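Protein sequence lines, in the order shown, are assigned to chains A and B. Here the first sequence is numbered in the UniProt record's numbering, starting from 1 and rising by one per residue. Here the second sequence is numbered in the UniProt record's numbering, starting from 1 and rising by one per residue. All residues carry an ideal CB built from backbone N, CA and C; glycine is no exception. All of these numbers come straight from a predicted model, not from anything done at the bench.
Number of protein chains: 2
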Amino acid sequence: MTPPTSPADGGVVLGVDLGGTVVKAVLFGPDGTTLATTRRPTGARRGAEAVVETVLDVVAESQAAAEERGTPVRAVGLASCGIVDERAGVAVFSASFGWRDVPLRALVAERAGVPVALGHDVRAGGIAEARLGAGRGHEVFLFVPIGTGVGAAVMVGGRPFGGAHWQAGELGHLIVRPGGESCGCGQRGCVSTIVGGPAVLRHYRELAGTGPDGPTDAAGVAALARKGDPDAVRVWSEAVDVLAESLAVAVTLFDPSAIVLGGGLAGAGELLFAPVRERLAARLVFQVMPEVRPAELAYEAGCLGAALLARDLLDRDLPDPAAGWSG
Amino acid sequence: MTPPTSPADGGVVLGVDLGGTVVKAVLFGPDGTTLATTRRPTGARRGAEAVVETVLDVVAESQAAAEERGTPVRAVGLASCGIVDERAGVAVFSASFGWRDVPLRALVAERAGVPVALGHDVRAGGIAEARLGAGRGHEVFLFVPIGTGVGAAVMVGGRPFGGAHWQAGELGHLIVRPGGESCGCGQRGCVSTIVGGPAVLRHYRELAGTGPDGPTDAAGVAALARKGDPDAVRVWSEAVDVLAESLAVAVTLFDPSAIVLGGGLAGAGELLFAPVRERLAARLVFQVMPEVRPAELAYEAGCLGAALLARDLLDRDLPDPAAGWSG
Chain A
1 MTPPTSPADG GVVLGVDLGG TVVKAVLFGP DGTTLATTRR PTGARRGAEA VVETVLDVVA
61 ESQAAAEERG TPVRAVGLAS CGIVDERAGV AVFSASFGWR DVPLRALVAE RAGVPVALGH
121 DVRAGGIAEA RLGAGRGHEV FLFVPIGTGV GAAVMVGGRP FGGAHWQAGE LGHLIVRPGG
181 ESCGCGQRGC VSTIVGGPAV LRHYRELAGT GPDGPTDAAG VAALARKGDP DAVRVWSEAV
241 DVLAESLAVA VTLFDPSAIV LGGGLAGAGE LLFAPVRERL AARLVFQVMP EVRPAELAYE
301 AGCLGAALLA RDLLDRDLPD PAAGWSG
Chain B
1 MTPPTSPADG GVVLGVDLGG TVVKAVLFGP DGTTLATTRR PTGARRGAEA VVETVLDVVA
61 ESQAAAEERG TPVRAVGLAS CGIVDERAGV AVFSASFGWR DVPLRALVAE RAGVPVALGH
121 DVRAGGIAEA RLGAGRGHEV FLFVPIGTGV GAAVMVGGRP FGGAHWQAGE LGHLIVRPGG
181 ESCGCGQRGC VSTIVGGPAV LRHYRELAGT GPDGPTDAAG VAALARKGDP DAVRVWSEAV
241 DVLAESLAVA VTLFDPSAIV LGGGLAGAGE LLFAPVRERL AARLVFQVMP EVRPAELAYE
301 AGCLGAALLA RDLLDRDLPD PAAGWSG
């Protein structure tokens, strides 16, 4: 994996990714190598406080492990799902964790005794792709991970755009089928009701039933589509259409030179990329067609991005990614 | 009118707005007052070179007028419609002027002998609203002038976002009626085929015919709608619906704290603003509803914005607005 090195090398940093179900922490050495990895269920079913305790425990354990090696953690970066106010260091909202306005940066900093940065998981992934992955060389690009739903980080000059309320880039919640399926966000007919992994599986099962040999995830549906299974082809094709439609909207408004697709669905490779490129190009008239490229850092992007936020705290000559685009 | 003053006051500057039919130039004094205004038809029917000559003439005349006053022009700002590469100083494309890749900044600088900035008319208007108008106090807002069609400047920290190819913010060319009316951009069913001034008049005439006492512009249709004329109400209501729909998309992707509506259609006042606010709010679920406010600088915004670009050339301590969001 490409390591988060920096010119002004600042010792060991810890990158922590708070996903919907798992807290993952990676210790990165001074030369960017992975020294140790810790995973722990979030404990979200026991409530928001349990998640905070899990994070504090994982950070403390990682610090202890680093101390034992004689290379103490110099800074901690956290990347969380939900709505994250990066400037204030507050986890504003997460449906997964059931929390509101948790001052996570301060809580971790108090316990850890080192500088702490708090970012958003998708935006942190965008930072990692911008500096070390598929976004290199692109001043303006979109990082679009497709997992449970469709997320997006709008990257400009290596920095993510948060909007006025840290809610920018909600590509997965553009409405493409007015009056369509209910979405977790409260709207109906969102992109994520058709393009996400669960949606692809659900729509396949609606067409083909749920036999014992049937696929159990979107990758299984993709495999069937590759073999020409008509139901799988139909479901896959609709997901591709809706993704291309939403990307055309994003291109019209953001004018990026690249779109970096990541997450589970991007694992389908050319089964996804070839028709997305073709259908996006067909939708664009005056707009400039961006490169549509696979993400390079895959599941590590969250921890890596968090580690980059941590390293930036040590490299004061670099711009502060938490400051967004405000210059 | 609010003047473009600055702390490090730098003498007289010239702001030039290249609109579709008229070149307008305003001399701004050291204290920000308007010293003189010049208007000239672009001459676009005689070709791209004629437009360039018009611009050079208007600049030269304004400079001569300023010299006569004993206050020579210290810098020139140009704001053009079409696609403008602000970093390179090149007018990349304009259907109105029939030009491609005109190095306008260099041409004017050579003739004028003072520093010249080239910007885009909508983005320059956004800069004016950001510093002197309705965008003050908003870190992230959209400036949306509605004239012939719908434009948008995405303003972040007082600076406009250009995208990778200076084509960001094409709100008027989101497709809201697939397969609908042809648009000048080459697509069908764009926002601007329903929300622009000509579209509102045309749709009214399709319903009500073109009697001798009928309205001759969108303001006339608005006046009839205000009186309850059913055809006018129907056309106006559809324009409001489509505008609200496109703004909902923009809010989902940009998360602004304000939307500043300007241009001719915004002159309809609460006939526009009240239902736009109501219908936009009705479309938002998880998104934060932005303030929807009228522009404050009206038709002066282009020249003012251009003058601010010129003044920034003199105030080196301010960030360069032409640098976009690249930090």
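Supposed contact pair glutamate 170(A) and threonine 252(B) - C-beta distance, whole angstroms, cut 8 Å: Contact flag correct, Cβ pair sits at about 5 Å.
Length of the line joining the Cα atoms of threonine 148(A) and cysteine 303(B): Rounded to whole angstroms, the separation of the alpha carbons of cysteine 303(B) and threonine 148(A) is 48 Å.
Where the beta strand (DSSP E) containing tryptophan 99(A) begins and where it ends: Where tryptophan 99(A) is concerned, the enclosing beta strand (DSSP E) starts and stops at 99-102.
Status (buried if at least 16 other CB within 10 Å, exposed otherwise) for alanine 64(B): Per the 10 Å Cβ criterion, exposed.
Endpoints, beta strand (DSSP E) assigned at lysine 24(B): For lysine 24(B), the enclosing beta strand (DSSP E) has its first and last residue at 22-28.
Sheet register partners of serine 182(A) (DSSP bridge): DSSP, once it has assigned bridges, lists Arg188(A) as partnering serine 182(A).
Distance, arginine 136(A) Cα to aspartate 31(A) Cα: Near 20 Å, if we compare the C-alpha coordinates of arginine 136(A) and aspartate 31(A).
Residue-level contact to chain B via CB, glycine 169(A), 8 Å cutoff: With 8 Å as the cut-off, glycine 169(A) counts as an interface residue toward chain B.
Histidine 165(A): contacting residues in chain B (beta-carbon distance under 8 Å): Going along chain B in sequence order, the residues near histidine 165(A) (Cβ under 8 Å) are Asp255, Ser257 and Val288.
Backbone CA spacing between arginine 226(B) and proline 256(A) [nearest angstrom]: The alpha-carbon of arginine 226(B) is positioned some 41 Å away from that of proline 256(A).
Short CB-CB distance (under 8 Å) between cysteine 185(A) and chain B: Taking 8 Å as the threshold, the shortest C-beta distance from cysteine 185(A) to chain B falls below it.
Start-to-end residues for the alpha helix (DSSP H) that takes in histidine 203(A): Per DSSP, histidine 203(A) is one residue of the alpha helix (DSSP H) stretching across 197-208.
Cβ of valine 249(A) within 8 Å of any chain B Cβ: Judged by the 8 Å Cβ criterion, valine 249(A) is in contact with chain B.
Against chain B: residues of the segment 128-145 of chain A by CB proximity under 9 Å: So the close ones are His138, Glu139, Val140 and Phe141.
Min CB distance histidine 120(A) to chain B below 8 Å: Chain B, which has no Cβ nearer than 8 Å to the Cβ of histidine 120(A), makes this no.
Contact with chain A by threonine 252(B), beta-carbon distance below 8 Å: For threonine 252(B), the nearest beta carbon of chain A is closer than 8 Å to its own beta carbon.
Contacting residues, own chain, Cβ-Cβ under 7 Å from cysteine 81(B) (five flanking each side not counted): Leu18, Gly19, Gly20, Ser94, Ser96 and Asp121, listed in sequence order.
Proximity below 8 Å, CB of residue 398(A) to CB of isoleucine 127(A): Missing from the structure shown is residue 398(A); chain A here goes from 1 to 327 and no further.
Interface partners of valine 285(B) on chain A, CB under 7 Å: Taking a Cβ-Cβ threshold of 7 Å, the residues of chain A close to valine 285(B) are Cys185, Gly186 and Gln187, in chain order.
Candidates Gly77(B), Ala274(B), Cys190(B) and Pro275(B): closest to alanine 25(B) by CA position: Nearest of Gly77(B), Ala274(B), Cys190(B) and Pro275(B) to alanine 25(B), Cα basis: Gly77(B).
CB-CB length for leucine 261(A) against valine 292(A), believed under 8 Å: About 7 Å separates the two Cβ atoms, so the contact holds.
Sequence-distant residues of its chain with Cβ nearer than 6 Å to alanine 323(B) (five each side left out): Bear in mind that the predicted position of alanine 323(B) carries a pLDDT of just 45, short of 50, making it unreliable; the figure below should be weighed with that in mind. Within the same chain, alanine 323(B) has no close Cβ partners at all.
Three-state secondary structure (DSSP) of alanine 273(A): Position check: residue 273(A) holds phenylalanine in this sequence, whereas alanine was assumed. Three-state DSSP puts phenylalanine 273(A) in a helix.
Of the listed residues Ala130(B), Ser62(B), Val221(B) and Gly267(B), nearest to valine 13(B) (C-alpha basis): Closest option to valine 13(B), judged by alpha-carbon separation, among Ala130(B), Ser62(B), Val221(B) and Gly267(B): Ser62(B).
Straight-line gap, isoleucine 194(A) to methionine 155(A) (C-alpha atoms, nearest Å): Using only the alpha carbons, I get a separation of about 25 Å.
Which of helix, strand or coil DSSP assigns to valine 16(A): Per DSSP, reduced to three states, the secondary structure at valine 16(A) is strand.
Beta-carbon proximity of glycine 186(A) to arginine 177(A), cut-off 8 Å: No. Outside cutoff.
Same chain only: Cβ atoms within 8 Å of tryptophan 166(B), ignoring 5 sequence neighbours per side: Setting aside the 5 residues that flank it on each side, tryptophan 166(B) is surrounded in the same chain by Ile83, Val84, Asp85, Glu86, Val92 and His120, each with a C-beta closer than 8 Å to its C-beta; the list follows chain order.
Boundaries of the beta strand (DSSP E) in which leucine 243(B) is found, first to last residue: For leucine 243(B), no beta strand (DSSP E) run applies; the uninterrupted alpha helix (DSSP H) run containing it begins and ends at 230-254, by DSSP.
Length of the line joining the Cα atoms of threonine 54(B) and alanine 44(B): Taking the straight line joining both Cα atoms gives about 9 Å.
According to DSSP, residues forming a beta bridge with glutamate 291(A): BP columns for glutamate 291(A) point to Ala258(A).
Contact set for valine 276(A): own chain, Cβ-Cβ below 8 Å, skip 5 residues either direction: Excluding sequence neighbours, valine 276(A) sits near Val240, Leu243, Ala244, Leu247, Leu261 and Val292.
Contained beta strand (DSSP E) runs [length at least 3] in the segment 114-154 of chain B, N- to C-terminal order: Taking 3 residues as the shortest admissible run, the segment 114-154 of chain B contains the following complete beta strand (DSSP E) segments, listed from N- to C-terminal end: 116-120 and 140-145.
Arginine 205(A) versus glycine 267(A) - alpha carbon distance: For arginine 205(A) and glycine 267(A), the gap between their C-alpha atoms comes out near 21 Å.
Where leucine 174(A) meets chain B, residues with beta-carbon distance less than 7 Å: Those within 7 Å of leucine 174(A) in chain B are Val249 and Thr252.
Of the listed residues Leu313(B), Ala75(B), Ala307(B) and Met289(B), nearest to alanine 124(B) (C-alpha basis): Out of Leu313(B), Ala75(B), Ala307(B) and Met289(B), Ala307(B) has the C-alpha closest to the C-alpha of alanine 124(B).
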